[in-house]
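In what follows, a structure is listed as structure tokens, so that the remarks can point back to it.
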Amino acid sequence: MGLIVQKFGGTSVADLGKIENIARRVIKTKNEGNKVVVVMSAMAGETDRLIELAHRAADEPDEREYDALVSIGEQVTVTLLSIVLNKMGYRAKSLLGFQAGILTDQSYKKARILHIDTGNIKKELRKRTIVVIAGFQGVDKENSITTLGRGGSDTSAVALAAALKADVCEIYTDVDGVYTADPSICSKARRLNKISYDEMLEMARAGAKVLQPRSVELAKKYEVPVYVRSSFTDNGGTLVTKEDKDMEKEVVCGVTYDRDQAKITVVRVPDRPGIAARLFTPLAQHNIVVDMIIQNASVDGFTDLTFTVSRKDMKKASELVKKVAKEISAKKIEIDDGVAKVSIIGVGMISHSGVAARMFSTLAREGINIMMISTSEIKISCVVQAKYTELAVSALHDAFITDK
Ligand code: ASP
Ligand code: MG
């Protein structure tokens with residue numbers, strides 16, 4: 002007898018019929034003798050719809066009310082699933098974030114979970130209830146509803162699994178696991194049976210959409226085994242777990258891309274202490290996440306500085322930087338939203354040499370120019386023209402995974 006957290010999201014909760022499928026899956030797990038905690042995300046497209054409504058109501062909607070509004074999608078799915086489970090003869094109870102004791106900080110739209118008071122959940126589990134919890138939401142110390150950022154119900158599920166010391170956190174989605182590349186643009190992509198937390202984290206950060214990066218951070222910290230699988234089939238999925246010897250044998254486990262990138266260059270910046278700080282501090286104050294940064298070698302006391310941000314932040318970021326650029330007498334700023342980032346990831350890079358060289362020559366062979374490069378211990382990313390995304394991913398997949 003175990004305790005299993007099962008999270009369902011996206012198109013797998015698209016309508017009532019799909020929710021009935023989920024109910025059958027939950028019942029099967031329950032009948033195998035397990036305690037089951039279900040975490041639901043909203044029906045596909047519902048959160049987008051609510052966000053759009055909020056922005057139609059006001060350009061900059063009040064953040065507290067915004068969170069209370071966009072969290073509603075999850076209230077619909079948890080109650081529907083509970084109703085269906087009850088109809089099928091199983092005791093089930095829906096809990097919203099606050100009822101499940103999910104306490105967060107007060108940073109609306111991207112709140113962090115501070116603590117989960119599991120008393121209420123455990124009380125229900127002792128009564129053999131199937132507990133169905135709304136993902137994506139929590140409550141702050143003033144009893145206001147908060148949300149955890151897009152894709153946040155993955156984080157709800159992993160955090161609950163950690164707090165309840167569950168045996169496994171199963172994430173059911175529309176794909177049957179984590180792939181070596183996005184199968185919709187790379188026909189040779191294949192499913193991984195296992196991937197380490199660190200690799201999964203880099204993949205998620207580098208654009209793989211299957212798990213919210215923060216959920217992987219939590220899974221790693223609390224060593225929660227996460228099993229990503231399909232809610233439509235019984236195919237085996239991918240286990241996200243601690244690193245083992247097999248994983249190191251593979252140099253590269255995945256190739257990812259991120260088209261949500263915009264590049265900003267500040268041309269002819271005086272090369273002296275404090276300039277980078279002045280350029281980037283206003284971005285930080287506006288919560289704009291800067292991804293890659295490069296600064297060229299300086300010539301005659303001047304340098305160029307290039308960085309990337311998410312496309313939605315490009316306008317704001319360029320306004321902020323333009324202001325500073327004027328103050329420091331930089332020559333001009335250039336913006337480019339026709340770029341994408343392609344990355345290769347693998348723990349094996351730590352012990353293999355020549356990986357970067359092979360990545361660059363693979364791109365060169367396809368005539369793809371590299372505009373920026375960044376590396377971590379287990380990842381190499383290149384910014385290229387967006388129109389080459391598919392070509393770059395397929396070529397890199399061929400070089401490192403298919404033909405290795
Ligand atoms: N419904 C939320 C979103 O669309 C949370 C989630 O799906 O994980 O971002
Ligand atoms: Mg998701």
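Just so we're on the same page, the working numbering is the position in the sequence shown counted from 1, plus 1. Heads up, the beta-carbon is just placed ideally off N, CA and C, and yes, glycines get one too. A quick note: this is a predicted structure, and the numbers were derived from the prediction, not measured.
Check whether the Cβ of Ser42 sits closer than 7 Å to any heavy atom of ligand 2, and report yes or no.
At least one heavy atom of ligand 2 is nearer than 7 Å to the Cβ of Ser42, so yes.
Taking the alpha-carbon positions, what's the Thr304 to Glu378 distance?
Rounded to the nearest angstrom, the two C-alpha atoms are 27 Å apart.
Would you list the one or two residues that DSSP bridges to Thr147?
In the DSSP output, where bridge partners are listed per residue, Thr147 has Gly139.
Suppose contacts are defined by Cβ-Cβ distances below 8 Å. Is Val465 in contact with Cys187 by that definition?
The question about residue 465 has no answer here: the residues shown for the chain are numbered 2 through 405.
I want to check one thing, is the minimum distance from the CB of Ser395 to the heavy atoms of ligand 1 below 7 Å?
Checking every heavy atom of ligand 1 against the Cβ of Ser395, none is found closer than 7 Å.
Less than 8 Å between the C-beta atoms of Lys264 and Val340, yes or no?
Yes, the pair counts as a contact, with Cβ atoms nearer than the cut-off.
The alpha helix (DSSP H) that contains Asp68, what's its start and end?
Its alpha helix (DSSP H) spans residues Glu64 to Val71.
Given the structure, does Gly150 come close to ligand 2, in the sense that its CB is under 7 Å from one of the ligand's heavy atoms?
Checking the Cβ of Gly150 against ligand 2 gives no.
With C-beta atoms as the reference, is Val133 less than 8 Å away from Lys94?
In contact: Val133 and Lys94 (Cβ atoms closer than 8 Å).
Give me whichever residues DSSP pairs with Gly255 in a beta bridge.
Its beta-bridge partners are Ile346.
Run the proximity test for Thr48: is its beta-carbon closer than 7 Å to any non-hydrogen atom belonging to ligand 1?
Within the cutoff, so yes.
Thinking just about the alpha-carbon of each residue, which of Gly18, Met372, Phe308 and Val40 is nearest to the one in Tyr173?
It is Val40 whose Cα lies nearest to the Cα of Tyr173.
Helix, strand or coil for Thr181? Go by DSSP, reduced to three states.
It is coil, neither helix nor strand.
Assign Leu149 to buried or exposed, taking buried as 16 or more other Cβ atoms, counted over all protein chains shown, within 10 Å of its Cβ.
Result: buried.
Determine, using beta carbons only, whether Ala45 and Gly18 come nearer to each other than 8 Å.
No.
Let's test the definition: count the other Cβ atoms within 10 Å of the Cβ of Leu115 and tell me whether it reaches 16, buried, or not, exposed.
By the 10 Å Cβ count, Leu115 comes out exposed.
Would the C-beta of Val247 count as close to ligand 1, meaning under 7 Å from any of its heavy atoms?
Note on identity: in this sequence residue 247 is Asp, with Val being the wrong assignment. No - ligand 1 has no heavy atom lying nearer than 7 Å to the Cβ of Asp247.
Rounding to the nearest angstrom, what Cα-Cα distance links Asp183 and Lys111 in this structure?
Taking the straight line joining both Cα atoms gives about 26 Å.
Using 10 angstroms around the beta-carbon of Asp1, count the other beta-carbons present and answer buried if the total reaches 16, otherwise exposed.
The shown model of the chain, from 2 to 405, leaves out residue 1, and the question about it has no answer.
May I ask you to report which of helix, strand or coil DSSP gives Gln7?
Correct three-state label for Gln7: strand.
Say whether the stretch 217-235 touches the stretch 272-281, bearing in mind that this needs 3 or more beta-carbon pairs closer than 8 Å, one atom from each stretch.
No, they do not touch.
Could you pull out every residue in the same chain whose Cβ sits closer than 7 Å to the Cβ of Ala190, ignoring the five residues on either side in sequence?
Tyr180, Thr181, Ala182, Asp183, Pro184 and His398.
Taking the runs of the alpha helix (DSSP H) that are 4 residues or longer, which of them lie wholly in the stretch 297-349?
With a minimum length of 4 residues, the continuous alpha helix (DSSP H) runs that stay inside the stretch 297-349 are 315-328.
Is it true that the stretch 286-296 meets the stretch 354-369, where meeting means three or more beta-carbon pairs spaced less than 8 Å apart?
At 8 Å Cβ cutoff, the stretches do not touch.
Taking one C-beta from the stretch 157-165 and one from the stretch 214-224 each time, how about it: are there three or more such pairs within less than 8 Å?
Result yes; three or more Cβ-Cβ pairs closer than 8 Å.
Taking 7 Å as the limit between beta carbons, can you name the residues of its chain near Thr80, skipping five residues before and five after?
Result list for Thr80: Ser95, in chain order.
Would you be able to state if there are at least three C-beta pairs under 8 Å between the stretch 192-209 and the stretch 249-263?
Enough Cβ pairs lie closer than 8 Å, so yes.
Given 7 Å as the limit, tell me if Asp155 has its C-beta closer than that to any heavy atom belonging to ligand 2.
Yes, since a heavy atom of ligand 2 falls inside the 7 Å radius drawn around the Cβ of Asp155.
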